[in-house]
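See below for the structure under consideration.
Number of protein chains: 2
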Amino acid sequence: MALIVQKYGGTSVGSVDRIRNVAQRVAKYKAQGHQVVVVVSAMSGETNRLIALAREMQPQPDPRELDVMVSTGEQVTIALLAMALKDLGLKARSYTGWQVPIVTDDAYTKARIEDINDEKIRADLDSGHVVVVAGFQGVDGDNNITTLGRGGSDTTGVALAAALKADECQIYTDVDGVYTTDPRIVPEARRLKTITFEEMLEMASLGSKVLQIRSVEFAGKYKVKLRVLSSFEEEGDGTLITFEEDDNMEQAIISGIAFNRDEAKITIIGVPDKPGIAYQILGPVADANIDVDMIVQNVGHENTTDFTFTVHRNDFSKAMDIVKKIANEIGAREVKGDDKIAKVSIVGVGMRSHVGIARNMFEALSKEGINIQMISTSEIKISVVVEDKYMELAVRILHQAFNLDKAA
Amino acid sequence: MALIVQKYGGTSVGSVDRIRNVAQRVAKYKAQGHQVVVVVSAMSGETNRLIALAREMQPQPDPRELDVMVSTGEQVTIALLAMALKDLGLKARSYTGWQVPIVTDDAYTKARIEDINDEKIRADLDSGHVVVVAGFQGVDGDNNITTLGRGGSDTTGVALAAALKADECQIYTDVDGVYTTDPRIVPEARRLKTITFEEMLEMASLGSKVLQIRSVEFAGKYKVKLRVLSSFEEEGDGTLITFEEDDNMEQAIISGIAFNRDEAKITIIGVPDKPGIAYQILGPVADANIDVDMIVQNVGHENTTDFTFTVHRNDFSKAMDIVKKIANEIGAREVKGDDKIAKVSIVGVGMRSHVGIARNMFEALSKEGINIQMISTSEIKISVVVEDKYMELAVRILHQAFNLDKAA
Chain A
22 MALIVQKYGG TSVGSVDRIR NVAQRVAKYK AQGHQVVVVV SAMSGETNRL IALAREMQPQ
82 PDPRELDVMV STGEQVTIAL LAMALKDLGL KARSYTGWQV PIVTDDAYTK ARIEDINDEK
142 IRADLDSGHV VVVAGFQGVD GDNNITTLGR GGSDTTGVAL AAALKADECQ IYTDVDGVYT
202 TDPRIVPEAR RLKTITFEEM LEMASLGSKV LQIRSVEFAG KYKVKLRVLS SFEEEGDGTL
262 ITFEEDDNME QAIISGIAFN RDEAKITIIG VPDKPGIAYQ ILGPVADANI DVDMIVQNVG
322 HENTTDFTFT VHRNDFSKAM DIVKKIANEI GAREVKGDDK IAKVSIVGVG MRSHVGIARN
382 MFEALSKEGI NIQMISTSEI KISVVVEDKY MELAVRILHQ AFNLDKAA
Chain B
22 MALIVQKYGG TSVGSVDRIR NVAQRVAKYK AQGHQVVVVV SAMSGETNRL IALAREMQPQ
82 PDPRELDVMV STGEQVTIAL LAMALKDLGL KARSYTGWQV PIVTDDAYTK ARIEDINDEK
142 IRADLDSGHV VVVAGFQGVD GDNNITTLGR GGSDTTGVAL AAALKADECQ IYTDVDGVYT
202 TDPRIVPEAR RLKTITFEEM LEMASLGSKV LQIRSVEFAG KYKVKLRVLS SFEEEGDGTL
262 ITFEEDDNME QAIISGIAFN RDEAKITIIG VPDKPGIAYQ ILGPVADANI DVDMIVQNVG
322 HENTTDFTFT VHRNDFSKAM DIVKKIANEI GAREVKGDDK IAKVSIVGVG MRSHVGIARN
382 MFEALSKEGI NIQMISTSEI KISVVVEDKY MELAVRILHQ AFNLDKAA
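Chains A and B, in that order, are what the protein sequence lines are. Positions 22 to 429 (the working numbering) are the ones given, in order, by the first sequence. Positions 22 to 429 (the working numbering) are the ones given, in order, by the second sequence.
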């Protein structure tokens, strides 16, 4: 007998029939003798409907009241799922965030979980109940309703699994696991049986949007065994996210290719090469709540250097305005911006112990005449920025160059 | 400065624009220096939508889970109204039932309020906030969400007014007060400036569906000053419900004419006239959860008597089946049923001290050739059952006979 936490996203609970399917899957696990806690999101479209209604009332909705409103989405789903489970003859009980309680800080719309009291859930599990918990929501110390921000249901699932010391946290989505890359771009893309936590972090932040990144960090911190599965397929083991490099795991050098074209690049040319310049440039950008992804500064020459960084495309024009002002103040020569870029990354813990990965990557790209505009590396990934029209081509040739279509 | 509790029903908060209107009305009261607590229902249609969704999942939805689901309706409205109030520059804070908390028993879908903790609300009022409370919902001693049953938002309003010792509880509806009868049937019907609590009880239970009856009882018990007003008109004082017969109040003998055609009549003929018969007949009916309204038993003759009672039309065939079985057991002669009846009642505290009211009523009906099938009286009302096709006519001639179109 194992204790399993299952999390189902909005698409998986998007209709009464789909919720019934979820109930049947839960019943299967119960029949095998497992204890099951189910975390659910709002039915697909519901959160957006509620946010639109709030914006109709107030263009910038009050955050406390927005959370009161938006949290009703999951509250409806937990009740429906509990009904479906009871309809199958199972004992079931639903919990909102405050009923558990899942205690968070008071940062409305993006709260962080501080504590989970597992007493009631454990008592229910011990008496044979399936426990259904509303994802994405909690309650602060003053009994105000909070939400964890978009995608927070994953975090709820992992946090509950950690609190209950569950044997496994299963995240059900509309894909059946983590792939070597997006199968829509590379039909030969292959599902990974396992992926390390660090690789998953790089894959998620680089645009493989299977799991919300905070939930993966959480799983890493509390060593929760995390598995990604499809809610639309009966069979399949999905992809297991591991936290130790296991000798028995498939030892590919590269696990996958991530990519995204949501970014834009800003370069300041002829920056006086002296200490504190990076802070002077990026401080005001950060103050404007603009997230910066890649930052590249090359060695200087003739007492000046060039400084390049990428931001989300939505922040591009705002960031350009800020940077132009700074460039003037610090006496830089010129500011150039480009929002027609894409980032392509190869990710794999195997590259730690293999030299020449970067060379192979650059060689494959150059053979196709794809110019590399920026390079950034970490222990387990290499990212390049290329002209955005080459993105799909770059992903395909890298997938082939590293033999990702073949199981290791 | 007064403390006012205002309650707005589903139609009054049926859209973003209507909620804005409610906010403006609240702002007007705040500008006059009053403290305001607002109780709101779900937006019109929302509760029905949620119940339909629950029934799609489970034909007889689990009561605990149904309450979890249905209570989201008011939760959305409180957030929207709090946003609207903040948009007008007011301080506002929303409360769900459990946040107040409004503690109820654990009778899901028809819970009764046991206790209201007014500490937080009072603190908010004292710091200048408008407090917005979800109607219709509460929480039981085990932190389960409960609802008070249909129309329960009125009860929430009155209970809050009682707990806060408010100066007035204003119930906003789509009518501008209590009328002498339904203006759709009698165009000359007139709005009453005041009505006594007892009259209101009779009017409500007899089919003038302005206020939920439990809320009126509650107001009577705790001596809450209750006023019915229109949420769609700027001016007007509505109808005040009073609890003492005031010398200064309008001293009409009859305050209004109530009516309903939701009932059916069952007569058992030739019942052996001996003690315990009424119990033998009505016991099984009550056991089947069928509410009985009028009960008439006339003096017997030749050791038998006739026994007649009315039930809701929805329960008619179920009640007939039960009664036929009993009639057989107790050796009664015959059972007759009729669901083509209507009840018409005249109501007024004034009739206590006036003889001849009944005679005037029966005379007016007989002049139009309307046959009276049953009569039942209390201290402040006289009800007759007539063939249902005569209902509107009976209401019109009684309205005229008692001069209800003219202010007293």
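Idealized CB from N, CA, C, for every residue including glycine.
Where Pro84/A is concerned, the enclosing alpha helix (DSSP H) starts and stops at 84 to 91. In this chain, Phe157/A is not harboured by any beta strand (DSSP E), its DSSP state being neither H nor E. Between Ile40/B and chain A, the shortest Cβ-Cβ separation is below 8 Å.
Within chain A, Met78, Gln79 have C-beta atoms less than 8 Å from the C-beta of Asp108/B, given in sequence order.
By DSSP's assignment, Lys364/B forms a beta bridge with Asn281/B, Val406/B. Nearest C-alpha to Gly178/A among Ser62/A, Glu67/A, Lys364/A: Ser62/A. Under DSSP, Gly358/B forms a beta bridge with Ile287/B. For the pair Gly162/A and Gly118/A, the Cα-to-Cα distance works out to about 13 Å.
Distances from the alpha-carbon of Asn165/A to those of Lys186/A, Tyr129/A, Met412/A, Asp175/A put Tyr129/A closest. In this structure the region 372 to 385 of chain A does not lie against the region 341 to 355 of chain A, because fewer than three pairs of beta carbons, one per stretch, are closer than 8 Å. Counting along the chain, Gln421/A sits inside the alpha helix (DSSP H) bounded by residues 412 to 422. Assigned with DSSP and collapsed to three states, Val370/A falls in helix. Interface flag for Thr177/A against chain B is unset, since no Cβ pair is found closer than 8 Å. Contacts with chain A at 8 Å (Cβ-Cβ) include Asp83/B.
The alpha-carbon of Gly31/A is positioned some 11 Å away from that of Asp175/A.
Within the region 92 to 103 of chain A, the residues whose Cβ lies closer than 7 Å to any Cβ of chain B are, in chain order, Thr93, Gln96, Val97, Ile99, Ala100, Leu101, Ala103. Nearest neighbour of Glu400/A by Cα position, chosen from Gln56/A, Leu222/A, Ile137/A, Gln158/A, turns out to be Leu222/A. Using a CB distance cut-off of 8 Å, Glu86/A counts as an interface residue toward chain B. Looking from the CA of Leu386/B, the closest CA among Glu219/B, Gln421/B, Val26/B, Gly259/B belongs to Gln421/B. Note on geometry: alpha-carbon atoms of Val57/A and Val237/A lie some 21 Å from one another. In its chain, beyond the 5 residues on either side, Ala103, Leu106, Lys107, His150, Val151, Val153 have a beta carbon closer than 7 Å to the beta carbon of Ala113/B. For Ala113/B, the enclosing beta strand (DSSP E) stretches over residues 113 to 116.
Secondary structure remark: continuous beta strand (DSSP E) runs of at least 3 residues inside the region 94 to 157 of chain A, in chain order: 113 to 116, 123 to 125, 134 to 137, 151 to 155. Secondary structure of Gln318/A (DSSP, three-state): strand.
Burial check for Val320/A: the Cβ neighbour count within 10 Å stays below 16, so the residue is exposed. Just so you know, the alpha carbons of Gly198/B and Lys402/B end up roughly 20 Å apart. Ser366/B and Ala100/B have their C-alpha atoms spaced approximately 42 Å apart. The alpha-carbon of Val344/A is positioned some 48 Å away from that of Ala155/B. Not one beta carbon of chain A lies nearer than 8 Å to the beta carbon of Leu146/B. No Cβ of chain A is located within less than 8 Å of the beta carbon of Gln158/B.
Counting only runs of 3 or more residues that sit fully inside the region 175 to 233 of chain B, the beta strand (DSSP E) segments are 189 to 194, 215 to 217, in chain order. Here the region 321 to 338 of chain B lies against the region 295 to 313 of chain B, with 3 or more beta-carbon pairs under 8 Å apart. DSSP places Leu74/B within a helical segment (H, G or I) once states are collapsed to three. DSSP places Tyr50/A inside the alpha helix (DSSP H), whose first and last residues are 37 to 52. Using a 10 angstroms sphere on the CB of Gly369/A, the tally of other CB atoms reaches 16 or more, which defines it as buried.
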